[in-house]
Amino acid sequence: MFKDESGRLANVPSVDTLRKALKKRNCGTGDASNKGKAVMKSLMDQIGETVRGRLVEVRLSQSEDETRKYILKEFAKTGKPPSEKTIAAAMKLPTLEAARRLVEKLHKSDILTKEGDEIISAYPFSAKATRHTVIFKDGHEVYALCATDALGIHFMLGLDIAIRSHCPECENEIKIEVKDGKVASCVPKGVVEFVSSREDCGCTAKTFCPFMNFFCSEEHLEKWREKNHAYGKGEKYRLHEVLEHGKYIFGDFLK
Amino acid sequence: MAEDKKGDAMRIDCYISQGCGSEKALRENVARALEAERICAEVGMHRISDEQAAELNLSGSPSVFIDGKELQPQGIAGFS
């Protein structure tokens with residue numbers, strides 16, 4: 000007999016139990032070069048599946064999901080997450096405690112992260128400064144957790160955006176404009192994204208996002224990899240691929 | 000019994016007694032878990048006798064091993 004997640008006995012291991020064991024086994028070697036050995040899809044596909052999968056797994060009620068969307072919309076509108084008090088008032092929750100419980104539920108499901116009582120990120124947004132600033136038409140700005148998230152914001156909100164990022168190798172500015180689902184301009188022209196596979200277990204915002212960056216060019220990426228062996232393993236994507244990933248992950252995040 | 004594998008692909012070995020009716024459900028759950036985790040693994044379903052189970056020191060049916068590590072080792076004697 001096997002115990003499932005809630006402690007019930009069953010004749011066969013549950014899908015969740017097997018998934019946990021597979022994840023543990025795939026992450027447990029301690030050697031990044033072995034971690035991807037059994038993975039069929041690209042690193043970015045895995046990350047996308049993980050981020051989207053969490054929304055399915057957490058099984059939010061309609062009102063809980065509306066609250067999640069409210070948090071994201073506020074983040075987009077102001078660049079900052081709403082406080083639990085604001086959430087409680089805006090969503091007409093019966094008590095502040097109800098807002099706290101829901102934020103905690105979203106935190107535990109890695110849909111957002113928090114420090115103390117404050118939300119500090121909710122995919123794709125970050126309250127803390129990152130390398131990736133998304134600028135809206137009216138001039139207001141918001142930080143994106145990573146390069147892919149920055150592009151994903153365009154699809155999530157259906158708004159034209161400009162992204163200001165910085166190449167980790169030379170620290171020069173990278174500017175990308177996205178309009179109508181396409182890259183309208185990119186300076187410099189040879190921008191690529193690199194996703195490091197150094198750490199792939201745990202909260203995506205803390206493990207993957209800091210290592211998903213735009214580089215000015217493949218040349219700059221390679222120079223950076225030579226100097227940063229610990230983070231040098233991973234996958235490189237062209238801008239059109241990053242755009243597709245952003246669309247796939249965030250395109251229906253608010254629907 | 001499958002040894003702790005050091006090769007390139009993950010391996011899942013399921014040992015099932017002759018009379019155990021869990022194979023279909025087990026196959027389904029393993030397939031769904033692999034799909035959800037985007038993992039490609041070699042999966043072996045082994046129908047074995049009580050004697051073989053005793054030789055392998057298995058105590059439950061099914062018994063599931065991922066890369067040679069047993070999933071939720073059973074502390075109860077008897078393979079059924």
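Chains as they are written, first to last, in numbering that gives the first Met the number 0: chain A, 0 to 254; chain B, 0 to 79.
Note that beta-carbon positions come from the ideal geometry of N, C-alpha and C, so glycine has one too.
- With a 10 Å radius around the Cβ and a threshold of 16 neighbouring Cβ atoms, MET0 of chain A comes out exposed.
- With its beta carbon less than 8 Å from one in chain B, LYS2 of chain A belongs to the interface.
- Residue contact check for ASP109 of chain A against chain B: no CB pair falls below 8 Å.
- Closer than 8 Å at the C-beta level to chain A, one finds these residues of the stretch 36–67 of chain B: GLU36, ARG37, ILE38, CYS39, ALA40, GLY59, PRO61, VAL63, ILE65, ASP66.
- DSSP places ASP49 of chain B inside the alpha helix (DSSP H), whose first and last residues are 49–54.
- Inside the stretch 152–225 of chain A, DSSP marks whole beta strand (DSSP E) runs of 3 or more residues at positions 160–165, 172–178, 181–186, 191–195, 211–214, from first to last along the chain.
- Only residues of its own chain outside the window of five on either side were considered, and among them VAL194, SER196, GLU234 have a CB closer than 6 Å to the CB of LEU42 of chain A, listed in chain order.
- In this structure the stretch 206–224 of chain A lies against the stretch 151–166 of chain A, because at least three pairs of beta carbons, one per stretch, are closer than 8 Å.
- Rounded to whole angstroms, ILE38 of chain B and LYS246 of chain A show a C-alpha spacing of 23 Å.
- For the pair of segments examined, the stretch 12–29 of chain B was found to touch the stretch 39–56 of chain B: the number of CB pairs separated by less than 8 Å reaches three.
- The stretch 96–113 of chain A makes no contact with the stretch 133–140 of chain A; the number of CB pairs closer than 8 Å stays below 3.
- GLN17 of chain B is outside the set of residues whose beta carbon lies under 8 Å from a beta carbon in chain A.
- Residue state for LYS113 of chain A is assigned as strand, using DSSP reduced to three classes.
- In this model, LYS232 of chain A and ASP49 of chain B are separated by some 47 Å (Cα to Cα).
- For GLY67 of chain B, the closest of A:LEU105, A:GLU170, A:ARG24 by C-alpha to C-alpha distance is A:ARG24.
- A straight line joining the alpha-carbon of GLU176 of chain A with that of GLY52 of chain A spans about 29 Å.
- Taking a C-beta distance under 8 Å as the contact criterion, LEU238 of chain A and VAL190 of chain A qualify as a contact pair.
- Pairing GLU27 of chain B with VAL182 of chain A, the inter-Cα distance amounts to about 42 Å.
- The residues PHE74, ALA75, GLY78, PHE124, VAL133, in chain order, have a CB closer than 7 Å to that of VAL141 of chain A in the same chain once the five nearest residues on each side in sequence are set aside.
- Between LEU242 of chain A and LEU150 of chain A, the C-beta gap is smaller than 8 Å, which places the two residues in contact.
- In the three-state reduction of the DSSP assignment, TYR122 of chain A falls in the coil class.
- SER62 of chain A sits exposed, since fewer than 16 C-beta atoms from the chains shown fall within 10 Å of its C-beta.
- Closest in C-alpha terms to MET90 of chain A, from the list A:GLU103, A:LYS104, A:LEU105, A:ASP64, comes A:ASP64.
- MET0 of chain A carries a coil assignment under DSSP once its states are collapsed to helix, strand and coil.
- In this structure, the straight-line span from the alpha carbon of ILE162 of chain A to that of SER120 of chain A is close to 18 Å.
- Among the residues facing chain B, GLY245 of chain A is not included, as its CB has no counterpart in that chain under 8 Å away.
- In the DSSP assignment, PHE135 of chain A falls within the beta strand (DSSP E) that extends over 131–135.
- With a threshold of 16 other beta carbon atoms within 10 Å, GLU117 of chain A falls short and is exposed.
- Not a single C-beta of chain B is nearer than 8 Å to the C-beta of LYS232 of chain A.
- For SER62 of chain A, not one C-beta of chain B is nearer than 8 Å to its own C-beta.
- With contacts defined as CB atoms closer than 8 Å, ALA146 of chain A and ILE152 of chain A fail to qualify as a contacting pair.
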